[in-house]
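Data block below; observations after.
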Amino acid sequence: MMKTNKTFYISLIASAIALSSFNTMAAAEEDGINIHGGVRINYSYKDYSESSKDKGGDLTFNMASLRFDGKHGNWGLKSDYRFTADTNYIKYGYGFYDFNPEWELQFGINQVPFGNLGYISNSYWFGLPYYLGFEDDYDIGVKATFEKNGWHTDMAFYKSAEYGPSENKQYAADLYTGTINGTEYNNEETNQLNLRQTYTMEHQGGSTTFGGSVEVGQIYNAKTGNNGDRYAVAASLDSKFHGWNLQLQAMQYEYDAADSADDNKIAIAVVSWQYEIASKAQVYSINLAKTIPTDWGSVKFYNDFGLMTPDVADETYDDSMQNVLGAAIAAGPTYTQIDFIMGKNMTFSTANNDHIGLPEVGDDWDKRFNISMAYYF
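Per this note's numbering, the very first residue in the sequence shown carries number 3; after that it's consecutive.
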């Protein structure tokens with residue numbers, strides 16, 4: 003895939019990120035089917051692109067989303083399918099059964115329980131963990147959830163990713179089979195277990211949620227037939243106080259692929275693009291937001307910062323960073339996010355570093371400006 007195509011795919015991933023970040027539509031409380039969705043356009047200006055600067059940026063259609071939610075008695079379903087100018091893909095699609103108000107069983111393509119109970123980000127661009135496969139990920143499997151008296155427990159088993167390992171159009175990041183920059187990868191996610199435990203403490207002016215997550219699984223090598231393994235752990239805090247919101251998360255992951263051509267890195271694919279990341283690293287997220295209610299909706303100001311420090315044998319590998327300063331405006335069925343994105347050694351937000359945690363090309367922060375505008379129905 004030509005490097006010049008990357009600009010279009012950045013638009014695709016950004017549209018998927020933004021639509022998911024605005025969770026306005028809940029499942030139908032009563033029996034029946036609820037059909038809803040949204041459409042989105044996007045303006046982007048890249049300071050590191052001469053063509054973008056010459057044109058004064060680009061305004062494009064990003065995506066349309068169609069969702070079906072339904073419930074009959076204790077049984078129900080939820081699904082979200084996305085359409086773009088170049089492709090289409092499923093975000094999630096699963097059935098569920100409510101045993102009682104405390105226990106629910108989900109089966110199908112559902113959200114992987116890892117990290118912060120919500121998103122570990124506020125912005126249109128998501129947080130750095132998203133690009134590593136650890137924020138708002140969806141896979142095929144079964145998940146049980148329990149919630150009572152502030153305690154929330156998720157236990158899940160996933161057999162595989164939602165698409166095959168050589169596919170790259172999936173909504174969230176998964177391991178990729180293919181060749182990137184001359185390195186051949188033959189990796190496939192399989193047999194994954196997740197456990198997440200959180201506790202929400204109510205206090206004057208808001209609430210604070212503490213959480214811990216564990217993820218383990220296998221990496222199947224389709225060329226040799228051997229299995230490697232992988233793991234990730236995370237601790238998070240999400241605190242709300244009089245309109246302020248502080249999010250903190252620290253995590254570590256490791257991909258130990260069998261028969262790897264290079265043990266220091268591994269391939270990831272997401273929304274029609276593929277890139278390489280360090281195979282082991284620590285990731286830190288610090289996000290601060292302030293929401294101001296208005297007569298017509300609300301305005302949220304935020305700053306999301308993410309840092310990834312590679313922890314591999316090759317000492318030439320460099321840190322990756324992303325910072326997003328922005329504002330989100332909610333008014334009726336519309337949702338607009340205005341973001342100033344700065345990236346360093348970070349895919350999708352830099353000119354010459356289409357990876358995360360690998361040796362850096364140059365030593366600069368690249369910058370881009372983005373406005374996303376959505377209408378939900």
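We put the beta carbon where it would ideally sit given N, CA and C, even for glycine.
- Residue Arg42 holds the alpha-carbon nearest to the alpha-carbon of Phe85 among Phe98, Arg42 and Gly328.
- Rounded to whole angstroms, the gap between the alpha carbons of His74 and Gly58 is 51 Å.
- It is roughly 9 Å from the alpha-carbon of Lys161 to the alpha-carbon of Gly219.
- Annotation for Ser351: no beta strand (DSSP E) segment contains it, and DSSP assigns it neither H nor E.
- Straight-line measurement puts the Cα of Asp231 at about 28 Å from the Cα of Phe148.
- Excluding five sequence positions before and after Asn325, the CB atoms of its chain that fall closer than 6 Å to its own CB belong to Phe307 and Met344, given in chain order.
- In the same chain as Asn305, and ignoring 5 residues on each side of it, the C-beta atoms closer than 6 Å to its own belong to Leu290 and Leu327, in chain order.
- According to DSSP, Glu104 shares a beta bridge with no other residue.
- Beta-bridge partners assigned by DSSP to Thr155: Phe148 and Gln199.
- One thing to note: Ala175 has its Cβ within 9 Å of the Cβ of Ala271.
- For the 9 Å CB-CB criterion, Gly207 and Leu119 do not form a contact.
- Looking at the DSSP output, Ile221 bridges to Glu191 and Gly230.
- Straight-line measurement puts the Cα of Asp368 at about 7 Å from the Cα of Ser351.
- Proximity to Ala163 across Tyr121, Asn189 and Thr185 peaks at Asn189, based on C-alpha coordinates.
- Relative to the Cα of Tyr319, the nearest Cα in the group Phe116, Gly72, Lys55 and Lys267 belongs to Lys267.
- Counting along the chain, the unbroken alpha helix (DSSP H) around Asp56 starts and ends at Glu52 to Lys57.
- Taking the Cα positions, Thr179 is about 16 Å away from Tyr173.
- The stretch 88–101 makes no contact with the stretch 120–127; the number of CB pairs closer than 8 Å stays below 3.
- Per the coordinates, the alpha-carbon of Asp100 lies some 15 Å from the alpha-carbon of Gly110.
- Just measuring C-alpha positions, the residue of Ser238, Gln339, Asp321 and Ala224 sitting nearest Lys282 is Asp321.
- When rounded, the separation of the alpha-carbon atoms in Ile92 and Gln339 is 24 Å.
- Note on Lys48: 16 or more other CB atoms within 10 angstroms of its CB, so buried under the neighbour-count rule.
- Shown here for Tyr94: same chain residues with a beta carbon closer than 7 Å to its own, the five before and five after excluded, namely Lys80, Ser81, Asp82, Ile111, Asn112, Gln113 and Tyr140 in chain order.
- Scanning Thr192, Gln254 and Asp265 for the CA closest to the CA of Ala315 turns up Asp265.
- In the three-state scheme derived from DSSP, where H, G and I count as helix and E and B as strand, Leu239 is classed as strand.
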